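Reading through the structure tokens given below for one structure.
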Amino acid sequence: MRMIRKRTRTRAGGAGPRTRRRLRAGLGATTTALLTVTALAALPQTTAHAADTLGAAAAEKGRYFGAAVAANHLGEAQYTATLNREFNSVTPENEMKWDAVEPNRGSFSFSRADQIVNHARSRGMDVRGHTLVWHSQLPGWVSGLGASDLRSAMNNHITEVMTHYKGQIHSWDVVNEAFQDGGSGARRSSPFQDKLGNGFIEEAFRTARAADPAAKLCYNDYNTDGINAKSTAVYTMVRDFKSRGVPIDCVGFQGHFNSNSPVPSDFQANLQRFADLGVDVQITELDIEGSGQAQATNYGNVVRACLAVSRCTGITVWGIPDKYSWRSSGTPLLFDDNYNKKPAYDAVLSALGGTPGDGDPGGPGEPGDPDAACTATYTTAEQWGGGYNGRVTITAGSSPITAWSVDVTLASSQRVISVWNGSPTTNGNVMTVRSTWNGSLAAGASTSFGFTVNGGSTPPPQVGACTAS
Ligand code: XIL
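Using this note's numbering, read the sequence shown as starting at 60 and increasing by one per residue.
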């Protein structure tokens with residue numbers, strides 16, 4: 060069963076720290092805990108606020124909104140902050156492919172794929188499995204096998220990989236890209252096709268059903284988004300499978316678009332004709348080259364096409380920021396290289412019924428965002444007999460922020476003689492430093508300010524909590 064993460068405006072554990080601080084002001088310590096609990100119980104669990112992330116907006120439409128994820132980016136704070144905030148499904152971009160999980164016959168290595176699956180599942184996200192049988196990213200040993208060895212290697216691969224992830228995968232791309240591009244409607248030449256013949260696809264699906272009966276089994280391909288010879292060949296296969304009881308639950312439409320391969324005007328009609336065969340349809344690898352409003356319009360059209368087809372169960376974009384796209388020069392994704400939301404993002408969120416940016420006080424990165432948070436860490440940059448230069452690094456939490464403020468408390472003998480990259484106001488020995496030009500930080504991003512202190516190199520200053528909005 061698919062888990063839908065519904066974003067509520069009330070964080071797990073109740074009101075955010077700022078609410079608690081306000082509640083505590085002026086109260087005796089003994090009564091605070093009791094009153095806080097009472098106040099929390101009275102807070103609504105959700106608000107009428109329109110969804111302001113892709114995942115939450117899609118969930119309100121009964122869909123998922125996913126991203127292809129690469130394990131080697133999971134250590135990057137901005138990457139994971141954006142992933143965790145916006146998406147409720149992931150597809151490992153390369154980590155589940157045959158060359159990654161079974162580089163040598165019978166020897167499986169799941170660690171990088173496990174990293175992604177664990178990251179996703181521990182946060183309630185779905186996982187799409189991609190992909191079991193594909194001619195590409197296929198290790199040389201597979202192509203070298205004779206027919207009967209190849210058949211058992213294929214079935215063993217499917218069984219081992221699906222068993223490892225049994226019960227954890229929402230949908231599997233069992234067979235990927237088995238049809239030839241262009242107008243022939245023929246099968247693509249591949250070790251599987253050439254040695255096992257047409258029947259390899261059916262065999263792969265039957266083996267997959269036995270390995271994990273809970274997973275939806277998809278056929279996935281590209282240039283099948285509109286009604287054309289290739290998509291009709293896939294359609295004919297799916298119709299045949301359904302009529303003969305070959306297990307297939309879904310068809311994935313990759314959705315890689317650019318000016319040579321634009322979003323087709325009959326995209327929705329094509330999705331619908333597949334859905335009418337009794338399978339779910341999913342947009343599995345969406346990216347649309349371009350920029351600005353033109354790109355945004357295309358993205359909006361794709362989302363609207365999916366929403367218009369009741370069996371279109373979700374959309375996955377093929378990456379998060381443009382810089383990590385497999386086609387980065389075409390800037391085909393929803394976030395720019397600094398994780399800023401592009402016009403395409405707003406178009407997708409609007410099409411999903413959410414409320415993007417500007418009209419949305421309280422949304423991510425907007426004034427009043429209850430999730431805005433930051434941390435401040437102090438280091439002494441230089442030190443000499445009579446003083447020191449201090450540096451405070453500000454890091455945004457899992458939401459973007461637009462402004463920050465930090466209190467720095469000095470010993471009474473010490474005096475600040477200059478501050479850079481921040482705007483100070485002083486009250487006794489407490490200096491409050493607020494952001495100037497550097498208040499807008501993407502989720503997980505950092506900036507710093509510095510100051511020079513005279514009147515002794517010790518003690519170091521006390522840096523208070525960071526406040527963000
Ligand atoms: C791409 C990845 O994004 C790249 O990192 C990799 O080098 C090649 O494969 N169709 C698919 C995806 O089904 O697996 C491909 O992903 C893109 C085309």
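The beta carbon of each residue, even a glycine, is placed where N, CA and C say it ideally should be. Model, not experiment: these values are computed from the prediction.
Between Pro380 and Phe394 a beta carbon distance of about 4 Å is seen, short of the 8 Å cut, so the two are scored as contacting.
Taking the C-beta atoms as reference points, Val489 is found no nearer than 7 Å to Val465. Secondary structure in the stretch 108 to 162: the beta strand (DSSP E) runs of 3 residues or longer, each lying completely within the stretch, are 123 to 128 and 148 to 151 in chain order.
Following the DSSP letters along the chain, one finds Asp280 in no alpha helix (DSSP H) but inside the beta strand (DSSP E) bounded by residues Lys275 to Asp280. With a cut-off of 6 Å, the C-beta of Glu152 is classified as near the ligand XIL, since at least one heavy atom of the ligand falls inside that distance.
Taken in chain order, the complete alpha helix (DSSP H) segments of 4 or more residues contained in the stretch 251 to 338 are 258 to 270, 288 to 303 and 326 to 334. With respect to the 7 Å criterion, Ala140 and Gly503 are classified as neighbours on the basis of their beta carbons.
Short note on Asn235: C-beta closer than 6 Å to some heavy atom of the ligand XIL. The alpha carbon of Thr372 has as its nearest neighbour, out of Ala212, Asp308 and His216, the alpha carbon of Asp308. Within the chosen limit of 6 Å, the ligand XIL reaches the beta carbon of Trp385 through at least one heavy atom.
The C-beta distance from Met184 to Phe146 rounds to 7 Å, short enough to fall under 8 Å. Per DSSP, Met490 is one residue of the beta strand (DSSP E) stretching across Val489 to Arg493. If you compare the alpha carbons of His229, Ser290, Ser202 and Thr266 with that of Gly242, the shortest gap goes to Ser290.
In this structure, Ser494 keeps its C-beta atom at 7 Å or more from the C-beta atom of Ala527. Per DSSP, reduced to three states, the secondary structure at Asp208 is helical. When C-alpha distances from Leu255 are compared across Ala292, Met213, Thr283 and Ala245, the shortest belongs to Met213. DSSP places Leu408 within a helical segment (H, G or I) once states are collapsed to three. Under the three-pair Cβ rule at 8 Å, the stretch 214 to 228 counts as touching the stretch 183 to 198. Within the stretch 464 to 522, no alpha helix (DSSP H) run of at least 4 residues lies entirely inside it. Assigned with DSSP and collapsed to three states, Trp200 falls in helix. When DSSP reads this structure, Glu348 sits in no beta bridge, so it has no partner. Cβ neighbours of Leu276 within its own chain (closer than 8 Å, five residues either side excluded): Ser230, Trp231, Val233, Phe264, Ala267, Arg268, Pro306, Ile307, Asp308 and Cys309. About 28 Å separates the beta carbon of Val297 from that of Gly359, a gap too long to meet the 8 Å contact definition. Judged by beta-carbon spacing, Ala501 lies beyond the 7 Å limit of Asn357, meaning their Cβ atoms are not closer than that value. Collapsing the DSSP output to three states places Leu393 in coil. Excluding sequence positions up to five before and after Ile217, its CB lies within less than 8 Å of the CB of Leu191, Val192, Val233, Ala263, Thr266, Ala267 and Ala270, all in the same chain and listed in chain order. Shortest Cα-Cα distance from Ser507 to any of Asn497, Gly514 and Thr375 involves Asn497.
Here the alpha carbon of Asp173 sits roughly 32 Å from the alpha carbon of Asp405.
Contact annotation: Gly514 and Arg450 have beta-carbon atoms that are not nearer than 7 Å. Excluding sequence positions up to five before and after Ser471, its CB lies within less than 6 Å of the CB of Asn488, all in the same chain and listed in chain order. When the alpha-carbon of Pro198 is set against those of Val340, Pro250 and Glu344, the nearest one is in Pro250. In this structure, Pro323 lies near Asp284, with their beta-carbon atoms less than 7 Å apart.
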